[in-house]
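Q:
Numbering (my numbering), first residue to last: 4 to 440.
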C-alpha cells in the first residue's frame, strides 16, 4: 500500500467540483395553458368498478386538440386501462381522487411477455402530473408470480430473475416534465421512470410499495439531463432511487440533484446498475434513511458498466440501515467472484462496459444501528475506484468499512465504531490512502 499524500488543494477541487455544478440544478418547468377540463365531463364514473379508459382518452384527445391545459380528476376511484398523456397537459388529481389501473395482464400486454406502461408520455413536451390524489397500479395481482419467477430463477442460476411486468409511469424522450404532490402506490414493477428526458422535476411525491414487493423501484431516471428530485418520500421493495445511464451510445446522464428526501424500506439512493453511457454531476443532500437496506449505493459490473464521475452525497442521517455506503463493481451475478480481504483477483481486459467510479465524495453522514457493516468500496483490479473522499462520517455497525481496488482515497474525520474487527479494513490493493482528523 502506498501512503503518498495527494495535495490538499487537489482533493478540495475534486470534492467541490460536483457540488458546484449540480447543487443548483433548476430544470425548466412545463408550460401548461390555462384552460381546464374535468374528467366527469366525459362520462366518467368514479365508483371503483366502472371502466373509464374511454373517458380518459377522450378528455386527453380533446385537451390536445384544444392546445393543452389541465385535466382535473375529482375525488373517487377511477378504474382504467392504460392510457397516454400528451404535450402541454397537466393531469391533476384532487385530494381523494385515485386513478386505479386494472389488474388484467391482457389490458397492458403488447404481445407475449411485452407490456406497455400503465401511464405513458412519449416524445412529448411540457407534461405534468400533479395534485394530492393517488395513482394505484394494483401490483398485488403481479407480485406472487414475480416472486415465484425470481425464486426459481435464483435456484437455477438463470441470467435474469425478473419476470416481465408493466411499469407504472414512464416519460420517454420528453422535455419539461414535472410530477408534484401525488402518491404512487402498488406498482407491478418500477414506479416512475423518466428515460431520455431533459428538465425533469419530481417534487413532494410519495411512493409506497410493500417492502417485499419485487423490483418496485421508486424513481429511475435513465439517460436524463437536469433532474431534480425534491422532498419525496419513498418506501418500496427495491431501489428507492436508481439513476441509470441506459445503453451504450444513448447519451450521458448528467446534472442531477436529489434533495431533502426520506427513504424507508428499499435499497437506498443508487447509481446503476446500468451505467453504459456514463453519468456525471450528481448531488444527493439532506436526506434521511430509516430501515433502508443500503444508503449510498454505486453498483455495476463488467457487463453493464461505464464512467460515473463527479458525485457527492452530503448531510445524510441513517438509522437501522444494512450498509450505509456501498461502492462496488461486483454486482449481482458477479458477487460470487467477490474477492475476500487480502485476496488478489486477476485483472481482466478493460472494455466499453468496464465500470469506472471517479471523483466521489461522501460527507457529513451519521449512521446508527447498521445491521451488516459500515460499508464497502471495491473497484476492479483493472479499474480501481479513484479519487474517493469520505469526510465527517460517524458510523456504528457490526463490522468496519472495507476498501479495496481503489486509489487516491481520503478519509477525514471518519469515526467508525465496529462491534467486531477493525473499523477500516484496507486491502493492499489500495493506492494513496490518507487519513486525518
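Here a beta-carbon is modelled for each residue, glycine too, at the ideal position from N, C-alpha and C.
1) Express the C-alpha separation of residue 329 and residue 373 in angstroms, rounding to a whole number.
2) Report the rounded CA-to-CA distance for residue 72 versus residue 37, giving the unit in angstroms.
3) May I ask you to report which of helix, strand or coil DSSP gives residue 171?
4) Mind checking who residue 202 pairs with in its DSSP beta bridge?
5) So, helix, strand or coil for residue 145, using DSSP?
6) With a floor of 3 residues, list each beta strand (DSSP E) that falls wholly inside the region 257 to 283, ordered by position along the chain.
7) Short check: CB of residue 64 to CB of residue 124, under 8 Å?
8) Along the beta strand (DSSP E) that carries residue 104, what are the first and last residues, could you check?
9) On the premise that residue 187 lies in contact with residue 194, defined as a C-beta separation below 8 Å, what is that separation, rounded to the nearest angstrom?
10) For the structure I just gave you, are there three or more beta carbon pairs, one from the region 92 to 104 and one from the region 136 to 143, closer than 8 Å?
11) To the nearest angstrom, how far is the alpha carbon of residue 161 from that of residue 306?
12) Does DSSP put residue 334 in a helix, in a strand, or in coil?
13) Could you tell me which whole beta strand (DSSP E) segments of length 3 or greater appear in the region 39 to 109?
14) Can you confirm whether the region 253 to 273 touches the region 285 to 299 when touching is taken to mean that 3 or more C-beta pairs between the two stretches lie within less than 8 Å?
15) Taking residue 353 as the reference, which of 168, 364 and 385 has the closest Cα?
16) If we define contact as Cβ-Cβ less than 8 Å, is residue 388 a contact residue for chain D?
17) Relative to the C-alpha of residue 94, which residue among 60, 113, 377 and 116 is closest?
18) Is there contact here, the region 338 to 352 with the region 389 to 401, by at least three beta-carbon pairs under 8 Å?
19) Cα separation between residue 320 and residue 113?
A: From the atom records:
1) 13 Å
2) 6 Å
3) coil
4) BP columns for residue 202 are empty, so no partner.
5) coil
6) 272 to 274
7) no
8) 100 to 104
9) 5 Å
10) yes
11) 15 Å
12) coil
13) 39 to 41, 50 to 54, 72 to 76, 79 to 83, 92 to 96 and 100 to 104
14) yes
15) 385
16) The chain labelled as chain D is not found in the depicted structure, where only one protein chain is given.
17) 60
18) no
19) 43 Å
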